[in-house]
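K.L.:
Start counting the sequence shown at 825; every next residue gets the next number (the working numbering).
Think of the CB as a built atom: it goes at the ideal place given N, C-alpha and C, for glycine as much as any other residue.
Just so you know, these numbers come straight off a predicted model, no measurement behind them.
A single structure is presented below for examination.
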Amino acid sequence: MYFVTEVKKDIFHLGVNDRRKHLFENLWPLPNGVSYNSYLITDEKTVLIDTIESGSDGGYIEKIGELLGGRPLDYLVINHMEPDHSGEINAVVSAWPEVKIVGNAKTFSILKNYYGGTTELVEVKDGDTLSIGSHTLKFVLTPWVHWPETMMTYETSEKILFSADAFGTFGTLDGGVFDDEVNLEYYIDDMRRYYSNIVGKYGNMVQKAFAKLDGVEISTICPLHGPIWRSDLNKVLSLYDKWSRQEADKAVVIVFSSMYGNTEAIADYIARKVSLAGVRDIRVYDASKTHISYLISEIWRAKGLILGSCAYNGYMHPSMEHLTTELTHYGIKDKVFGIFGSYSWNGGGVRNLKCFAENASLQMACDPVEIAGKPDTEKLKQCDAFAETIAARVLE
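Here it is in structure tokens:
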């Protein structure tokens, strides 16, 4: 446990930094680590809101005990059952056997599957409240943000929203805990990568959660990862609203898969032509080199998406196949979309990218470009109109 911070009177943040884990969910790289947030309220009744990943800190239970000062722990509220937040449940129950676990019906089915029988369960439904003294907790069910049992807890007197995984981010808390104590720009890219890869598929459910919170006065947002928001709530709320609607910047992302450099040369040519047509925010990525989580994050950000692949065994390159499969699962939409590729004798990259576009319901902004063999000056000229069309649509 690196520190305990008082969020408001009698409401504490218990945070853990994890700099050892390499992959979040054994998928997403963590070059900047990740934080796990847990919260404790000490009122007439005491309430722990979520736990942390098992083994991420050896002093977690002891720190809760210190804050309780010999008092019992009355309730454990589970907003989210993912193991990085539920991992210490059994340790909590072992330390305070009389604790009551608060969750919804779906919470308890997952709880049983993970941890077996525990202790007394208090089931709550959407809008139910729990009075613990001067504080009252109201429970807001937000399924699929991003698991089916996910909910949020709203503390009505201080107007604090304990938001589970929503409004969180990758990255450790390096000294600062609140949004006004850190350089937020440091977190934005990781926040978008976190959102697009972890929550992005469920944008419609994020919008339903926003609808439930419409008109609710919120002074502080306490997520389960990353900084606590108390000064610039509009920043994180507006970003989540934008990302969940898949509203994008006037940018173009070009992702290619190339074996011997021919498709990469086409990508660079198109990027230059898109720049000459007026787009100032362009990123070019090699799908074989850049981890897919960064690709998805950048694709989420940009209005223009151009994918290119060489032919590979009559199909597209496996790295591009991986990316397009994931993009289909994520429901990418509303892109100015184009495809290109190269081949040696019979093609396959462009042909299968067209199949992806059809399956993903992505409408191409212009006809594909496909070049046989090495791209020379004459062959590349067919990319000119392609790039100009994409740029014009992005800048509309």
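Whose C-alpha, out of 1220, 937 and 941, is nearest the C-alpha of residue 921?
P.N.:
It is 941.
K.L.:
Helix or strand or just coil, what does DSSP make of residue 1178?
P.N.:
DSSP places residue 1178 in helix when its eight states are reduced to three.
K.L.:
Which of the three DSSP states, helix, strand or coil, is assigned to residue 860?
P.N.:
Three-state DSSP puts residue 860 in a strand.
K.L.:
Given this structure, state the Cα-to-Cα distance separating residue 1113 from residue 1083, to the nearest angstrom.
P.N.:
Whole-angstrom Cα-Cα distance: 12 Å.
K.L.:
Would you say the beta carbon of residue 1057 comes nearer than 7 Å to a heavy atom of the ligand MG?
P.N.:
Summarising the ligand content, the structure contains no ligands, and the ligand MG is consequently not present.
K.L.:
Rounded to a whole number of angstroms, what is the C-alpha to C-alpha distance between residue 1178 and residue 997?
P.N.:
The alpha-carbon atoms of residue 1178 and residue 997 are separated by roughly 43 Å.
K.L.:
Whether or not the stretch 1151-1170 and the stretch 1191-1198 are in contact is what I'm after, with contact meaning three or more pairs of Cβ atoms, one per stretch, closer than 8 Å; do they touch?
P.N.:
At 8 Å Cβ cutoff, the stretches touch.
K.L.:
Do residue 962 and residue 943 have their beta-carbon atoms positioned less than 8 Å apart in this structure?
P.N.:
Not in contact: residue 943 and residue 962 (Cβ atoms no closer than 8 Å).
K.L.:
Residue 846: buried (16+ other C-beta within 10 angstroms of its C-beta) or exposed?
P.N.:
The residue is exposed, with fewer than 16 neighbouring Cβ atoms inside 10 Å.
K.L.:
In whole angstroms, what is the alpha-carbon distance linking residue 1087 and residue 907?
P.N.:
Residue 1087 and residue 907: Cα-Cα distance of roughly 42 Å.
K.L.:
By DSSP, does residue 1190 sit in helix, in strand, or in coil?
P.N.:
Coil at residue 1190, not helix or strand.
K.L.:
Based on DSSP bridge pairs, tell me the residues matched to residue 1170.
P.N.:
Note: residue 1170 sits in no beta bridge, so no partner.
K.L.:
Kindly confirm or deny that the stretch 870-887 and the stretch 905-919 touch, where touching means at least three C-beta pairs closer than 8 Å.
P.N.:
Short answer: they touch.
K.L.:
Below 7 Å CB to CB, which residues in the same chain sit around residue 1118 once its five sequence neighbours on both sides are set aside?
P.N.:
The residues are 1017.
K.L.:
Grab the span of the alpha helix (DSSP H) containing residue 1214 for me, first residue to last.
P.N.:
Element bounds for residue 1214: 1206-1218.
K.L.:
Assign residue 1145 to one of two classes, buried (16 or more other C-beta atoms within 10 Å of its C-beta) or exposed (fewer than that).
P.N.:
Per the 10 Å Cβ criterion, buried.
K.L.:
Measuring alpha carbon to alpha carbon, tell me which residue in 1161, 1151 and 1089 is nearest residue 1205.
P.N.:
Considering only alpha carbons, the answer is 1089.
K.L.:
Express the C-alpha separation of residue 1070 and residue 1032 in angstroms, rounding to a whole number.
P.N.:
Near 15 Å, if we compare the C-alpha coordinates of residue 1070 and residue 1032.
K.L.:
Only counting runs of 4 or more residues, tell me where the alpha helix (DSSP H) segments fall wholly within the stretch 956-989, in order along the chain.
P.N.:
Listed in chain order, there is nothing to give.
K.L.:
Taking C-alpha atoms, which residue in 945, 932 and 912 lies nearest to residue 923?
P.N.:
The residue with the shortest Cα to Cα distance from residue 923 is 945.
K.L.:
State buried or exposed for residue 1040, treating a residue as buried only when at least 16 other CB atoms are found within 10 Å of its CB.
P.N.:
Label assigned to residue 1040: exposed.
K.L.:
Count the other CB atoms within 10 Å of the CB of residue 827; is the residue buried (16 or more) or exposed (fewer)?
P.N.:
The residue in question, residue 827, is exposed, as its Cβ has fewer than 16 Cβ neighbours within 10 Å.
K.L.:
Using a Cβ distance threshold of 8 Å, determine whether the stretch 890-906 contacts the stretch 855-872, with at least three qualifying pairs required.
P.N.:
Flag = yes, the stretch 890-906 and the stretch 855-872 touch.
K.L.:
Relative to the C-alpha of residue 885, which residue among 836, 1109, 916 and 902 is closest?
P.N.:
The shortest C-alpha separation from residue 885 is found at 916.
K.L.:
Pull up the distance between the alpha-carbon of residue 849 and that of residue 1037, whole angstroms please.
P.N.:
Using only the alpha carbons, I get a separation of about 28 Å.
K.L.:
Here's a check: name, in chain order, each residue in its chain whose Cβ is nearer than 6 Å to the Cβ of residue 1060, leaving out the five neighbours to either side.
P.N.:
Cβ within range, chain order: 991 and 1053.
K.L.:
Assuming residue 1140 contacts residue 1185 (C-beta within less than 8 Å), just tell me the rounded distance between them.
P.N.:
Incorrect: roughly 18 Å between the Cβ atoms, too far for contact.
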